[in-house]
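Shown next, in structure tokens, is the structure this report addresses.
2 protein chains.
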Amino acid sequence: MATRKRRPGEKHGDLKAALLQAAGKRLEQDGPEKLSLRAVARLAGVSQTAPYNHFANREGLLAALAAQGFERLATNQAAAAQANDDPRIALECLGYEYTRFARGHPKLYRLMFGAGVGGEGWHDDELVTASKSRSFAPLRDVICRLLPEPVSPEQVDNGAMVCWAFVHGLSAMLIDGTLADRVESDDALAELSRQSIAIILDGVT
Amino acid sequence: MATRKRRPGEKHGDLKAALLQAAGKRLEQDGPEKLSLRAVARLAGVSQTAPYNHFANREGLLAALAAQGFERLATNQAAAAQANDDPRIALECLGYEYTRFARGHPKLYRLMFGAGVGGEGWHDDELVTASKSRSFAPLRDVICRLLPEPVSPEQVDNGAMVCWAFVHGLSAMLIDGTLADRVESDDALAELSRQSIAIILDGVT
DNA sequence: CCTTTATATTAACAGTGAACATATTCTTTA
DNA sequence: TAAAGAATATGTTCACTGTTAATATAAAGG
């Protein structure tokens, strides 16, 4: 098996990426439930069965979309963590970036952390779980830098879990409107994120 | 009276309740996306268009299901809050009951707090929002009893929001498998809930 | 009695995901 | 250079879905 530059029979330049992009557009517009393979194919300018050459089925396309989302979230998180030297400020930025991501792509966020499609989450899709754990790493890293020594891996995991659970719940409530009237501007969101992280921090340390 | 008066033209005893029950069964089995009106009608033993006499459409049935879920959650929360006199223990019980509900009915929980069906949450359905705010009341009550006087309504709302966001995120992570390996038994869940509430409490007060 | 009203049913339409056989096009090989 | 092979895209088909329209049924009220 040798590495080929181009695959045989390829007519479209990069159909897989084009399909993902089209699916992303329709996702943020209509939501995951209403996303139809036919509409995506139509938007990409190919026939309705062409996507089946790149994705096993509708669920496969949604999984790829979710994985892509986790990937972007991971890079965002890593960038936010490395931008600040002070671990406390880094943690605040992590939380802020997280909520900002959820707010910027609400439907994608719901797809990532929601029921997936079968109703049991993505925990059978290895590609999604891999990206997911990757997006978890920066947080654990910052927590590790933050806690007073000596720190056990269990302590780090506990702290990261608490932080993640809180920010995740905050994002979910932001999206579904429970918190929408309380946080209108981006600055208010940043302030809320900062305050909340402070609260959690005081409790954990 | 056990049986209400039969309305004109009524052939089925209480079709609306029967449909809701059937829908609940199929919901926990297949998830919200795969729930079809036809299957629900089939399970209830009526024709496929009979549900349209009791619900506007599929979304209406799902909304009724979500509202019923919030109603049950509200009664659970109220019972848990009134069972304990000590506000701190009451808060712990609230969180425990919340996560227990999410764990016991994961698909219903996702339906309640997820995208609904249109992708914008339920915040246009008044029936759902009413039940939702009702399930929020016990928590705010306990927070009010817990905070040192004098307390402003804003403080109470902030505290309740932080608690709710955290428990909500915890429940979501419990359901989608992110926390499944860490919390197997019900006792472990109770312990985690207790610890977390303590952390939050130390931060808020 | 007859009319009204809510209920339930059958029939039909349009759109969906998926499976199949088939045609096209490019890479590899002889 | 030309044939072989494989990946890709297509049209068609099937079972299923949500929804609407028209129709039949049963109870309530005159």
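So the sequences go chain by chain: A and B. Those letters in the first sequence? Residues 1 to 205, by the UniProt record's numbering. Those letters in the second sequence? Residues 1 to 205, by the UniProt record's numbering. We treat Cβ as the ideally placed atom computed from N, Cα and C, and that holds for glycine.
Exercise. Quick one: which chain A residues come within Cβ less than 8 Å of E59 of chain B?
Worked result: Translated into the one-based positions of the second sequence, residue 59 of chain B becomes position 59. Chain A residues near E59 of chain B: none, gap ~10 Å exceeds 8 Å.
Problem set entry | For W122 of chain B, three-class secondary structure by DSSP | By 1-based counting over the second sequence, the position of residue 122 of chain B is 122. It is coil, neither helix nor strand.
Problem set entry | Minimum Cβ-Cβ distance from D176 of chain B to chain A less than 9 Å | Translated into positions along the second sequence, residue 176 of chain B becomes position 176. Yes, because at least one Cβ of chain A sits closer than 9 Å to the Cβ of D176 of chain B.
Exercise. Residue range of the alpha helix (DSSP H) that S171 of chain A falls in?
Worked result: For the purposes of this step, residue 171 of chain A is identified with residue 171 of the first sequence, where counting begins at 1. Where S171 of chain A is concerned, the enclosing alpha helix (DSSP H) stretches over P153 to I175.
Exercise. What separation, rounded to the nearest whole angstrom, lies between the Cα atoms of L43 of chain A and N53 of chain A?
Worked result: Walking along the first sequence from the start, residue 43 of chain A turns up at place 43. Walking along the first sequence from the start, residue 53 of chain A turns up at place 53. Using only the alpha carbons, I get a separation of about 17 Å.
Exercise. Given that a residue counts as buried once 16 or more other Cβ atoms are within 10 Å of its Cβ, and exposed if not, what is A79 of chain A?
Worked result: On the first sequence, residue 79 of chain A is found 79 positions in, with the first residue counted as 1. Result: exposed.
Problem set entry | Which of helix, strand or coil DSSP assigns to V183 of chain A | For this step, residue 183 of chain A is matched to residue 183 along the first sequence. The answer is coil: DSSP assigns V183 of chain A none of H, G, I, E or B.
Exercise. If we ignore side chains and look at the alpha-carbon of each, how far apart do S196 of chain B and G69 of chain A end up?
Worked result: Stepping through the second sequence from its first residue, residue 196 of chain B is reached at position 196. Stepping through the first sequence from its first residue, residue 69 of chain A is reached at position 69. Going from the Cα of S196 of chain B to the Cα of G69 of chain A covers about 29 Å.
For this session: Rank B:A137, B:G60, B:G31 and B:R100 by C-alpha distance to the C-alpha of E191 of chain B and give the top, closest one.
Result: As a position in the second sequence, residue 191 of chain B is number 191, starting the count at 1. Among B:A137, B:G60, B:G31 and B:R100, the Cα nearest to that of E191 of chain B belongs to B:R100.
Exercise. Any C-beta of chain A sitting closer than 9 Å to the C-beta of L170 of chain B?
Worked result: Here residue 170 of chain B refers to the residue found at position 170 of the second sequence. Yes, because at least one Cβ of chain A sits closer than 9 Å to the Cβ of L170 of chain B.
For this session: Under the assumption that F136 of chain A contacts G169 of chain B (Cβ atoms under 8 Å), give the Cβ distance between them as a whole number of angstroms.
Result: Translated into positions along the first sequence, residue 136 of chain A becomes position 136. Translated into positions along the second sequence, residue 169 of chain B becomes position 169. The pair is not a contact, with the Cβ atoms about 13 Å apart (cut-off 8 Å).
Problem set entry | Contact set for R140 of chain B: own chain, Cβ-Cβ below 8 Å, skip 5 residues either direction | For the purposes of this step, residue 140 of chain B is taken as the residue at position 140 of the second sequence. V156, D157 and A160.
For this session: Locate the alpha helix (DSSP H) running through T99 of chain B, then write down its first and last residues.
Result: Mapped onto the second sequence, residue 99 of chain B falls at position 99. P87 to G104 is the span of the alpha helix (DSSP H), which, as asked, contains T99 of chain B.
Exercise. To which residues of the same chain is C93 of chain B closer than 8 Å at the C-beta, ignoring the five residues directly before and after it?
Worked result: For this step, residue 93 of chain B is matched to residue 93 along the second sequence. For C93 of chain B, where only same-chain residues beyond five positions count, the Cβ hits under 8 Å are A80, A81, A83 and N84.
For this session: Please list, in chain order, all residues of the same chain as R145 of chain B whose beta carbon is under 7 Å from its beta carbon, the five residues on each side excluded.
Result: If you number the second sequence from 1, residue 145 of chain B lands on position 145. Excluding sequence neighbours, R145 of chain B sits near P87.
For this session: Go ahead and pull the three-state DSSP assignment for P150 of chain A.
Result: Along the first sequence, read from residue 1 onward, the residue named residue 150 of chain A stands at position 150. DSSP places P150 of chain A in coil when its eight states are reduced to three.
Problem set entry | Residues from the stretch 88 to 104 of chain A in contact with chain B, defined by Cβ distance under 7 Å | none
Exercise. For the stretch 182 to 195 of chain B, which residues have a beta carbon sitting closer than 7 Å to at least one beta carbon of chain A?
Worked result: none
Problem set entry | Pairwise C-alpha distance: A39 of chain A and D125 of chain B | Position 125 of the second sequence, counting from 1, holds the residue named residue 125 of chain B. Position 39 of the first sequence, counting from 1, holds the residue named residue 39 of chain A. Distance between the alpha carbons of D125 of chain B and A39 of chain A: 28 Å.
For this session: Would you verify that the beta carbon of A165 of chain B is, or is not, closer than 9 Å to some beta carbon of chain A?
Result: One-based indexing of the second sequence puts residue 165 of chain B at position 165. Closer than 9 Å: yes.
For this session: Please check if any C-beta of chain B sits within less than 9 Å of the C-beta of R134 of chain A.
Result: Walking along the first sequence from the start, residue 134 of chain A turns up at place 134. Judged by the 9 Å Cβ criterion, R134 of chain A is not in contact with chain B.
For this session: Determine the direct distance from the alpha carbon of K107 of chain A to that of G24 of chain B, and round the result to whole angstroms.
Result: Against the second sequence, residue 24 of chain B aligns to sequence position 24. Against the first sequence, residue 107 of chain A aligns to sequence position 107. If you take the alpha carbons of G24 of chain B and K107 of chain A, they lie about 25 Å apart.
Exercise. Hey, is F55 of chain B's beta-carbon within less than 9 Å of any beta-carbon in chain A?
Worked result: Taking the first residue of the second sequence as position 1, residue 55 of chain B is located at position 55. No - not a single Cβ of chain A is within 9 Å of the one on F55 of chain B.
Exercise. Distance, Cα to Cα, T49 of chain B vs E71 of chain B?
Worked result: As a position in the second sequence, residue 49 of chain B is number 49, starting the count at 1. As a position in the second sequence, residue 71 of chain B is number 71, starting the count at 1. Looking at the two C-alpha atoms, the distance is approximately 27 Å.
For this session: State the start and end residues of the unbroken alpha helix (DSSP H) segment that holds L43 of chain A.
Result: Reading the first sequence from its first residue, position 43 is the one you call residue 43 of chain A. That run of the alpha helix (DSSP H) goes L37 to A44.
Exercise. Can you name the residues of chain B whose CB is closer than 9 Å to the CB of G114 of chain A?
Worked result: Residue 114 of chain A sits at position 114 when you count from the first residue of the first sequence. Within 9 Å Cβ-Cβ: R110, G114, A115, A172 and D176.
Exercise. Would you report the Cα separation of S171 of chain B and R110 of chain B, rounded to the nearest angstrom?
Worked result: Numbered from its first residue, the second sequence carries residue 171 of chain B at position 171. Numbered from its first residue, the second sequence carries residue 110 of chain B at position 110. Distance between the alpha carbons of S171 of chain B and R110 of chain B is about 10 Å.
For this session: Would you kindly report the start and end of the unbroken alpha helix (DSSP H) that includes Q82 of chain A?
Result: The residue you call residue 82 of chain A lines up with position 82 of the first sequence. Run containing Q82 of chain A: R58 to A83, per the alpha helix (DSSP H) assignment.
For this session: Quick one: which residues of the stretch 147 to 164 of chain B get their C-beta closer than 9 Å to a C-beta of chain A? List them in chain order.
Result: D157, N158, M161, V162 and W164
Problem set entry | Under the three-state DSSP convention, the category G24 of chain A falls into | Residue 24 of chain A sits at position 24 when you count from the first residue of the first sequence. Three-state DSSP puts G24 of chain A in a helix.
Exercise. Any C-beta of chain B sitting closer than 9 Å to the C-beta of P138 of chain A?
Worked result: Stepping through the first sequence from its first residue, residue 138 of chain A is reached at position 138. Judged by the 9 Å Cβ criterion, P138 of chain A is not in contact with chain B.
Exercise. Any C-beta of chain A sitting closer than 9 Å to the C-beta of L19 of chain B?
Worked result: Residue mapping note: residue 19 of chain B aligns to position 19 of the second sequence, counting from 1. Cβ-Cβ to chain A under 9 Å: no for L19 of chain B.
For this session: For G24 of chain B, go through chain A and note every residue whose CB falls closer than 9 Å to its CB, in chain order.
Result: Residue numbering aside, residue 24 of chain B sits at position 24 when the second sequence is read from its first letter. What G24 of chain B touches in chain A: nothing, since even the nearest Cβ is about 14 Å away.
Exercise. Under 9 Å between C-beta atoms, does A179 of chain A make it to chain B?
Worked result: In the first sequence, residue 179 of chain A corresponds to position 179, counting from 1. Per the sequence presented here, residue 179 of chain A reads as Leu, with Ala not at that position. Judged by the 9 Å Cβ criterion, L179 of chain A is in contact with chain B.
For this session: My understanding is that P27 of chain A touches L19 of chain A, with C-beta atoms under 8 Å, so please give their C-beta distance in whole angstroms.
Result: Within the first sequence, the letter at position 27 stands for residue 27 of chain A. Within the first sequence, the letter at position 19 stands for residue 19 of chain A. Per the sequence shown, the amino acid found at residue 27 of chain A is Leu instead of Pro. Rounded, the Cβ-Cβ distance is 12 Å, inconsistent with contact.
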